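Student:
Numbering (the working numbering), first residue to last: 68 to 196.
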């Protein structure tokens with residue numbers, strides 16, 4: 068039952084993303100995309116005029132996108148585990164990172180995407196990992 072609920076939530080989320088991409092593209096406007104193109108934009112463009120017999124285009128795009136998201140989770144988890152091991156093995160690096168986070172973020176909130184450019188030391192740690 069839990070797997071079905073989770074799959075349903077993924078389907079709803081992917082449907083929303085797909086609709087956002089269709090709106091952003093303005094289908095029918097000579098394949099012009101407002102802003103940057105991403106994977107879903109490319110899939111919409113490729114599959115627009117070449118439907119695959121027996122397959123629903125939306126299902127193909129959603130399944131492929133989900134596969135990319137889920138396929139990256141193992142490597143992400145492995146990389147984060149490795150980063151944590153290295154930080155624990157080098158406490159002076161962890162301390163310097165904590166100082167940077169306390170300086171720019173504080174202890175009252177989490178890091179936001181808008182904070183990322185300020186966190187130079189964190190960038191270095193991520194690149195080394």
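Virtual Cβ for every residue (Gly too), placed ideally from N, Cα, C.
Here the structure is a predicted model, which means the values were calculated and not measured.
Within 10 angstroms of its Cβ, does residue 112 collect 16 or more other Cβ (buried), or is it exposed?
Tutor: The residue labelled residue 112 in the question sits at position 45 within the chain shown. So residue 112 ends up on the exposed side.
Student: Cα-Cα, which of 114, 88, 117, 115 is closest to residue 103?
Tutor: Taking the first residue of the chain shown as 1, we reach residue 103 at position 36. The candidate whose alpha carbon is nearest that of residue 103 is 88.
Student: Any chance you could list the alpha helix (DSSP H) runs of at least 4 consecutive residues sitting entirely within the region 111-166, in chain order?
Tutor: Fully enclosed alpha helix (DSSP H) runs of 4 or longer: 124-156.
Student: By the 10 Å Cβ neighbour count, where 16 or more other Cβ atoms means buried, how is residue 183 classified, buried or exposed?
Tutor: Stepping through the chain shown from its first residue, residue 183 is reached at position 116. Counting Cβ neighbours within 10 Å, residue 183 comes out exposed, since fewer than 16 surround it.
Student: In chain order, what residues of the same chain lie with their CB nearer than 8 Å to the CB of residue 114, ignoring the 5 residues before and after it?
Tutor: Walking along the chain shown from the start, residue 114 turns up at place 47. If we look at residue 114 and ignore the five residues flanking it on each side, its Cβ neighbours are 124, 127, 128.
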